[in-house]
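Start counting the sequence shown at 182; every next residue gets the next number (the working numbering).
All C-beta atoms in this analysis are idealised placements derived from N, C-alpha and C, irrespective of residue type, glycine included.
These notes are about the structure you will find just below.
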Amino acid sequence: MERFQSFGQLLLRLVIGSSFAFAGIVKIGTANPKPPSFALTANFPIALFGIALPWIELICGLALLIGMQLSDPRLRTLAKILIGSIFIAAAIDKIANPDAFAKSINNFHLLPYAALNIPALILPWVELITGGMLIFSYKEKAASFLISGMLIVFIIAILTAIARGYNIDCGCFGESSPAAAAEVTKVGWAKVLEDTRWLIASLFIFLTSTAPGSSEE
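This is the structure:
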């Protein structure tokens, strides 16, 4: 039984690690070759997130592939940085441009037009706060639970759009966010796989939030 569990954990590490490492390599390889602008504008922190996210995914994947155990607190720290950074980067442009985000939501045709303003105004702040909670290791179980729930909703919305044949942007990072340059933005199976990877990382944080090394209060 113990040997079976060890094999299962090894297989899980190889599958998840390969997925994250491959995604990071692809994003780094297809990044805009133009040097990023480091002017201190409102987009400066988002640009940094956009540059860092593929590298964090690559590091997480390589850490699993070279033998880091799922119980290693360093892996949990990497997962928190990854998911926290993603949700902070996703929130900033949407907070600054709620009208554009409302239009992105409307493209899915899942909500009545009169109700679009509610998620357009509230959801980005939830993303920002929960992402910050993970980065600063505050109430990680609650934050990862909310993030996992949001990711499940996002995946369902994308699957619905695929089934309807929509060729639209997901609106995940906002229309003008520099972070979007490093991520999959079109609705499709690539986006489903990306969100699924992030959901796995978020659930990992949630399920290990009371394990040794967790800073959950």
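Presumed contact (8 angstroms Cβ cut-off) between Ile416 and Trp379, rounded CB distance: Within the shown structure, residues of the chain are numbered from 182 to 398, placing residue 416 beyond reach of any answer.
DSSP state of Lys320 mapped onto helix, strand, coil: Looking at Lys320 - three-state DSSP - the assignment turns out to be coil, as it is neither helix nor strand.
Inter-stretch contact (C-beta, 8 angstroms, three-pair minimum) for the segment 379-388 and the segment 322-342: Enough Cβ pairs lie closer than 8 angstroms, so yes.
According to DSSP, simplified to helix, strand and coil, what is Asp253? coil
Cα-Cα, which of Met314, Phe354, Ile349 is closest to Gly369? Ile349
Element boundaries [alpha helix (DSSP H), containing Asp280]: Per DSSP, Asp280 belongs to the alpha helix (DSSP H) from 279-287.
In DSSP terms, what Lys367 is bridged to: Asp350
Please report how far the alpha carbon of Pro359 lies from the alpha carbon of Lys275, in whole angstroms. Note on Pro359: pLDDT 49, under 50, position unreliable in the model; no value is reported.
Can you round the beta-carbon distance between Cys351 and Lys372 to whole angstroms, since I take them to be within the 8 angstroms contact cut? 6 angstroms
Straight-line gap, Ile237 to Ile262 (C-alpha atoms, nearest Å): 8 angstroms
Between the beta-carbon of Ala279 and the beta-carbon of Ala301, is there less than 8 angstroms? Position check: residue 279 holds Pro in this sequence, whereas Ala was assumed. Yes, Cβ-Cβ distance for Pro279 and Ala301 is below 8 angstroms.
Distance, Cα to Cα, Arg345 vs Lys208? 27 angstroms
Quick one: what does DSSP say Ser390 is sitting in, helix, strand or coil? coil
Can you give the Cα-Cα distance for Leu340 and Met249, rounded to whole angstroms? CA-to-CA, the gap between Leu340 and Met249 works out to about 33 angstroms.
In angstroms with no decimal places, state the Cα-to-Cα distance between Arg257 and Pro293. 39 angstroms
Leu292 by DSSP, collapsed to three states: which one? If DSSP states are grouped into helix, strand and coil, Leu292 belongs with coil.
When Glu308, Val307, Ser285 are compared against Leu297, the one with the closest alpha-carbon: The residue with the shortest Cα to Cα distance from Leu297 is Ser285.
Would you say Ile343 and Thr377 are within 8 angstroms of each other, going by their C-beta atoms? no
Return helix, strand or coil for Gly248, following the three-state DSSP convention. coil
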